[in-house]
Amino acid sequence: MTARLVPLPVHDFPAWLSASQTEYEADLIATGSTPDAAAQQAANSLASAFPEGEPSPTNAVFNIVDEADLTVGYLWVGRDSSDDPTAWWIWDIVVDPAFRGRGLGREGMRLAEEYARSQGAKTLGLNVFGFNTTARGLYESLGYETTSVKMRKQLSNGGEPQPPETGPQG
């Protein structure tokens, strides 16, 4: 299936920004953040990328449009958070559930690479949440390599301090 990237219209940007924040918060909560912490992190992240609440020169947001001219998802790509202007990042890519399984995510990724390359990128990175095994499989099939893994263990005592064990008494 073929697709193309169409810059998100400026008048659609506030709604996209709000929806993106809500989706990011939900992902953070799914990985163990509290709702308050997730809301703060999502708000800070988006405010940093879009300080004026609108598209910026180093971040581009596109609609992914299929061959029937239907908007099937969106892509946010831009410079990563380092000082290296050749290091770019896919900050978010979403294909609407009704359109998944048709190769549109793969095509969106290919188009992201093409766009980043046209902007001077030499590398393109991304983050994938551990629960998103479908996306991880897609990224690996496209040649993306794991560069770090963040792990966590839920503790059964609910985080309450426990007295240290002193060993056998006797």
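Position one of the sequence shown corresponds to residue 1 (UniProt numbering), numbered consecutively onward.
Cβ atoms here follow ideal geometry from the backbone N, Cα and C, with glycine treated the same way.
Predicted, not measured: the structure shown is a model, and the values here were computed from it.
query	result
Using only CA atoms, which one of T2, G143, A135 and Q154 lies nearest to V65?	T2
Under the rule that 16 or more other beta-carbon atoms within 10 Å means buried, what is V6, buried or exposed?	exposed
Within the continuous beta strand (DSSP E) that includes G125, where are the two ends?	T123 to L126
Ignore the nearest five residues each way along the sequence and tell me which others in G78's own chain have a CB closer than 8 Å to its CB.	A49, S56, T58, N59, A60, W88, W89 and W91
Are the beta-carbon atoms of N63 and L8 separated by less than 8 Å?	yes
Which residue marks the beginning of the alpha helix (DSSP H) containing L75, and which one marks its end?	That residue, L75, is in no alpha helix (DSSP H); its beta strand (DSSP E) goes T71 to R79.
In this structure, how does DSSP classify D92 when only helix, strand and coil are distinguished?	strand
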